[in-house]
Amino acid sequence: MESSTHISIPSMGLLQLNEGNKRYELTRHAPAEALSPFVKHYWMVSWDLTGLESYPQHVVPNPCVNLVVERGNTFFFGPSGRKFSYLIRGRGQVFGVKFRPGGFYPFVRLPISSLCEQPLEVSLVLNVSAASLEEQLLTDGSHVDKISYMDQLLCAHLPAEDTQARLVHDIVQQIELNRELLRVDDLSSFWNIHTRKLQRLFNQYVGIGPKTAIKLYRLQNAAELIDRGLHCDLVKLSQELGYHDQPHFIKDFKSIIGSTPEEYIHSRKNLPPNIRTGV
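For the sequence shown, position 34 (counting from the first letter as 1) is numbered 34 according to UniProt numbering, and the numbering increases by one without interruption.
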């Protein structure tokens, strides 16, 4: 099942979450106040599928860097530009730190786009080994103790606030909230920032381009609404998301989700009977 501590947020890109909640427990937790300009939340996943079928959890990523603490695979990972899958099997757990868009750059002062091709070793940023993190966080200890440990570790490396990082965060937040922003030119006009500067800012602070960030949020939103059975007319849905051209919506949906809206609907389990594709 899914729960959260101190914060209440939607599925954040976890597709078909109702199915996933039957296989694992997901919790999200607010960081220490001093970290809030940089860190969005901590997340913890645990599961026990011993003797049961494995489950592929599909994820549409946010434009954020994540520190993922997983046995034998602990790294800082940059954002991806399309859906990916994580195979949940056996018994295990993962601890994660989701940084705000632009929030990880002040810790490293390196272009975040470089992390999209090659994950970053933990020791290069936090002066602690991956093995030590795994020993501290992948235990049966309490969530409170794990959160306290990570708060202390990150606060010990707390960077100065970066005004450009704050600007980038606000721009990405506007992309998320304003469905009328469908093109980079729209974003450029809204913020009165030249498109070339936007591209440079996103390359340095976010890791993916503004065009990709726009598509991620729009299509994540579309898939989540379909998953929750909150929309029964996909033509109307595409229009409400700011698309006035149905082929454009279908093309973008497939580029991020990996299938057309109609194919995605037919792939879902427990589909509400009143959904009409309109495509």
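For every residue, glycine included, the Cβ atom is placed at its ideal position computed from N, Cα and C.
Answer with buried or exposed for residue i, where buried requires no fewer than 16 other C-beta atoms within 10 angstroms of its C-beta.
| i | result |
| --- | --- |
| Gln-220 | buried |
| Gln-16 | buried |
| Glu-70 | buried |
| Gln-174 | exposed |
| Leu-198 | buried |
| Asp-140 | exposed |
| Leu-177 | exposed |
| Leu-52 | exposed |
| His-244 | exposed |
| His-29 | buried |
| Glu-224 | buried |
Note down, in chain order, each residue of its chain lying with its Cβ closer than 7 Å to the Cβ of residue i, except the 5 sequence neighbours on either side.
| i | result |
| --- | --- |
| Val-68 | Thr-74, Phe-75, Phe-77, Val-94 and Gly-96 |
| Tyr-24 | Val-45, Ser-46, Trp-47 and Ile-88 |
| Phe-253 | Leu-219, Ala-222, Thr-260 and Pro-261 |
| Ser-238 | Gln-246 and Phe-249 |
| Gln-204 | Tyr-105, Pro-111 and Ile-112 |
| Leu-138 | Val-69, Arg-71, Gln-93 and Phe-95 |
| Met-1 | Its pLDDT being 39, under 50, Met-1 is placed unreliably in this model, and the coordinates cannot settle the point. |
| Cys-155 | Ala-32, Ala-34 and Leu-35 |
| Leu-115 | Val-65, Phe-76, Phe-77, Gly-78 and Gly-207 |
Just to confirm, are residue i and residue j a CB contact at a threshold of 9 Å?
| i | j | result |
| --- | --- | --- |
| Ile-256 | Lys-215 | yes |
| Pro-63 | Val-184 | no |
| Leu-153 | Val-172 | no |
| Tyr-55 | Met-150 | no |
| His-58 | Lys-83 | yes |
| Leu-133 | Val-168 | no |
| Arg-100 | Lys-40 | yes |
| Gly-102 | Asp-186 | no |
| Pro-61 | Gly-13 | yes |
| Val-108 | Val-125 | yes |
| Arg-91 | Thr-27 | no |
| Glu-121 | Ala-131 | no |
| Arg-166 | Asn-18 | no |
Which residues in the same chain as residue i place their Cβ atom closer than 8 Å to its Cβ, once the five residues preceding and following it in sequence are excluded?
| i | result |
| --- | --- |
| Gly-242 | Arg-179, Glu-180, Leu-181, Leu-182 and Arg-218 |
| Ser-85 | Pro-56, Gln-57, His-58 and Val-59 |
| His-157 | Phe-107, Val-125, Leu-126 and Asn-127 |
| Arg-159 | Strictly speaking, residue 159 in this sequence is Pro, with Arg absent from that position. Cβ neighbours of Pro-159 beyond the five flanking positions: Phe-38, Pro-106 and Phe-107. |
Checking contacts by CB at 9 Å: is residue i closer than that to chain B?
| i | result |
| --- | --- |
| Ala-165 | The chain labelled as chain B is not found in the depicted structure, where only one protein chain is given. |
Under 6 Å Cβ to Cβ from residue i, same chain only, skipping five residues before and after it: list those, please.
| i | result |
| --- | --- |
| Asn-66 | Phe-77, Gly-96 and Lys-98 |
| Pro-37 | Glu-161 |
### Task
Let me know the alpha helix (DSSP H) ranges lying completely inside the region 207 to 259, each 4 residues or longer, listed in chain order.
Listed in chain order, they are 210 to 227, 234 to 240 and 246 to 257.
### Message
Threshold first: 4 residues or longer. Then list the alpha helix (DSSP H) segments lying entirely within the region 116 to 187, N to C.
### Response
Considered as a whole, the region 116 to 187 harbours 123 to 126, 130 to 137, 143 to 155 and 163 to 177 as its complete alpha helix (DSSP H) runs of no fewer than 4 residues, in chain order.
### Message
What ranges does the beta strand (DSSP E) occupy inside the region 22 to 59, keeping only unbroken runs of at least 3 residues that lie completely in it?
### Response
Fully enclosed beta strand (DSSP E) runs of 3 or longer: 24 to 29, 39 to 48 and 55 to 59.
### Query
Taking the runs of the alpha helix (DSSP H) that are 4 residues or longer, which of them lie wholly in the region 71 to 124?
The region 71 to 124 contains these whole alpha helix (DSSP H) runs: 105 to 108.
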